[in-house]
Amino acid sequence: MVKKGLNENKFENSQCLTGENGTFHLSLVKKGLNENKFENSQCLTGENGTFHLSLVKKGLNEKVQSNVIRIALTKGRLEKKATELFEKAGFDMTPLRERGRQLVARIDGGLEIVIAKPPDVLTYVEHGVCDIGIVGKDTILEYGGKYFEVLDLGFGKCRFSLAVKKGADFYSGYGVKTVATKYSNITRHFFESKGMDVDIVKIEGSVELAPLLGLAGGIVDLVETGSTLHENGLEEVEEIVSISARVIVNTVSMKLKKQRLDEIIGRIEENL
Amino acid sequence: MKKNNLITPEGTRDLLFDECRARREIESELMELFKNEGYSEVITPFLEFYDVFSGSPNGGMQGFPQESMYKLTDSKGRLMVIRPDSTQPIIRLAETRLKNEPRPLKLCYNQTIYRANPKDAGRDDEIMQSGIEILDGAGGKSDSEAVSLAVMVLKKLGIDFRFEIGDCSFFNLLSLEAGMSEDEAEEIRPFVETKNFPELSRLTNGMLARLPRLFGGEEVFNEAEKLFKSNALQMTLEKLKGVYEELRGNGLEEKITVDLGLTNKRGYYTGILFNGYAQGYGKPVLSGGRYLINKTEGIGFAVNVSAIAELRGNK
């Protein structure tokens, strides 16, 4: 209950009971929600029978925060797959499915799910504002960073490949080759490991265009089935690395919240 | 031409009023503590020759990654860096002007280091550190002294902390026992350091894949005792357990953790490693270990003063 917007809770259909020692119990009438107990808190009844709960004592915030595990999910396909996986593991993901335009969803069992673009998942986890991230290995390889990479989820499978115009020989001749890609770091690393100097051109959209327009001799891109390449008269000549979705964990969270993380990651692993 | 006369370089900032006061308070608390414990302060230059950090050619020390140092040249065209670390300059000093001083030599410092972080990483390039070094030459004897001082520091700073201990010998011994060359071990080491279980299980099914899972509380020692076969591993474990029990004795049961998967990420560590973590800060706030730099053995740690100031500011 620290940052406004993220942690301010609002409960409807709830009962507020003051208990002993200035503690009070908050019991939610709505099915499925756990009973929470807060000490040194203030309970303010708001309009429309809702009420806001705000914690008063300093230091308590941290405790509450340390019990919530915040997970960053990569927007899009991985988000869908991960949501299904969490449901299989017994989490009720309705708040995430029905979140509308909200970027944060609170899940029973002390989870908070944040939806973010792939590189942002790495950033949030590295800085420790999210404990866990679910992100593709492609993003990890391209952007790097410091975090633990604890689990291969096995879905979101694809590969990085070098592709050229059908029939072309990328490696022929002495001239320096030009490669177009969205993933300049992975590309640079790959050619460095071959001891090759290449010119890398960063393309943001459909990379397949570059060889067709004559800008580059080859492209390095994510390939799932190869049909896009095929339809554009390109062919895969070399696989660079295979990719799948990974679970990453902030290095400090891993140490400070080991039990909770073990439990959550264990539940996910069992349901893979 | 665009002029940059009104902004500070990325990763740096001006500190105002309370921010200054918070840092100065922390620094003086720490330096007072160090001096009371018998440490003498040294100040090393802001600029050092690149060679101080580039690793020793014969010692197998890798040194600092080139891209993480700010560089410039002196009037003779020699490459210099803004210090990215205080330990190596202090060793340089100890091996020259302090070479005839009796050991153990207990030194402390309070100075700013600079690390060039990747663009837009949102990290501070400028880090204020207070720390100590015990240069003993004899090896092992000062471990518990340095470690208990580190815990004392964290307690004194009044933050909600966890203190973690490990030893890079576990990885080194296991990779040796697995018949790996130094190069092969260095290839797998980052995956142990980053607890990259998927990659590890692809590369090996031996103990090295299990090592990074051995972290947590006391149960880690029991588990490792069953798993470690060689005498060397058992002895290292026994030694670490001794440190662990000594620390726990001070009423810190909940605060002390162990991670046997810590490795020699800096290139100069040779034995015990330790980190202080705080709720609400995504990186260690204190970090240290036993090392061999050039010909000097020692142990030391640094406290990230900026981090502590931020943590205190949050309260």
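Here the protein sequences line up with chains A and B, keeping their order.
All letters in the first sequence, in the order written, are residues 404 to 675 by this note's numbering.
All letters in the second sequence, in the order written, are residues 3 to 317 by this note's numbering.
Note that the Cβ used here is the ideal one computed from N, Cα and C, for glycine as well.
Computed from a predicted structure; not experimentally measured.
- Taking a C-beta cut-off of 7 angstroms against chain A, the contacting residues of the region 184-203 of chain B are T196, K197, N198, F199 and P200, listed in chain order.
- Taking each of P200/B, C110/B and T238/B in turn and checking the Cα distance to N38/B, the smallest one comes out for C110/B.
- For L554/A, the neighbours in chain B by C-beta distance under 8 angstroms run, in chain order, F199 and P200.
- Taking the CA atoms as reference points, R473/A sits about 49 angstroms from G570/A.
- Against chain B, the beta carbon of L659/A has neighbours under 8 angstroms at R164, Y279 and Q281, listed in chain order.
- Per DSSP, Y246/B lies in no beta strand (DSSP E) segment; the continuous alpha helix (DSSP H) that holds it begins and ends at N233 to R250.
- I274/B and T590/A have their C-alpha atoms roughly 38 angstroms apart.
- Here DSSP, grouped into helix, strand and coil, assigns Q281/B to coil.
- Ranked by Cα distance from R509/A, the first of T584/A, D624/A, G503/A and M496/A is M496/A.
- Here L81/B is exposed. Its C-beta has fewer than 16 other C-beta atoms within 10 Å.
- In this structure L506/A does not touch V524/A by the C-beta definition: roughly 12 angstroms separates them, more than the 8 angstroms allowed.
- Q68/B carries a helical assignment under DSSP once its states are collapsed to helix, strand and coil.
- Across the region 518-529 of chain A, CB contacts with chain B closer than 8 angstroms involve T526 and E529, in sequence order along the chain.
- Here DSSP, grouped into helix, strand and coil, assigns E611/A to coil.
- Cα atoms of L32/B and I310/B: separation of roughly 11 angstroms, rounded to the nearest angstrom.
- Of the residues assessed, I45/B falls on the exposed side of the cut-off, its CB having fewer than 16 other CB atoms within 10 angstroms.
- E184/B counts as exposed, since fewer than 16 other C-beta atoms from the protein chains shown sit within 10 angstroms of its C-beta.
- Each of R164/B, T298/B and E97/B was checked against the Cα of P286/B, and the nearest Cα belongs to R164/B.
- For G536/A, the uninterrupted beta strand (DSSP E) run begins and ends at I535 to G539, by DSSP.
- Here the region 614-628 of chain A makes contact with the region 559-566 of chain A; the two share three or more CB pairs at distances below 8 angstroms.
- Residue contact check for P86/B against chain A: no CB pair falls below 9 angstroms.
- For a Cβ distance threshold of 9 angstroms, residue set G284 of chain B lies close to N653/A, ordered along the chain.
- For C22/B, the secondary structure class from DSSP, reduced to helix, strand or coil, is helix.
- Within the region 622-659 of chain A, the complete alpha helix (DSSP H) runs of at least 4 residues fall at 630-634 and 654-659.
- With a contact defined as Cβ atoms closer than 8 angstroms, L235/B and L175/B qualify at about 5 angstroms.
- Taking the Cβ atoms as the reference, C170/B lies roughly 7 angstroms from T272/B, within the contact range of under 8 angstroms.
- Under the three-state reduction of DSSP, F163/B is assigned to strand.
- In this structure, DSSP gives V44/B a state outside helix and strand, which the three-state scheme calls coil.
- Counting only the Cα atoms, N277/B lies some 15 angstroms from T196/B.
- Looking at the backbone, the Cα of L514/A and that of D665/A are separated by about 14 angstroms.
- For F48/B, the number of other beta carbons within 10 angstroms of its own is below 16, and it is reported as exposed.
- For a cut-off of 8 angstroms, the C-beta gap from T477/A to V538/A is around 5 angstroms, short enough to register as a contact.
- With a contact defined as Cβ atoms closer than 8 angstroms, L288/B and A152/B qualify at about 6 angstroms.
- Against chain B, a Cβ distance below 9 angstroms from G531/A picks out G282, Y283, G284 and K285.
- The continuous stretches of alpha helix (DSSP H) do not include F494/A, and DSSP gives it neither H nor E.
- Ranked by how close their Cα comes to the Cα of L675/A, the residues K483/A, R480/A, A492/A and L612/A have A492/A in first place.
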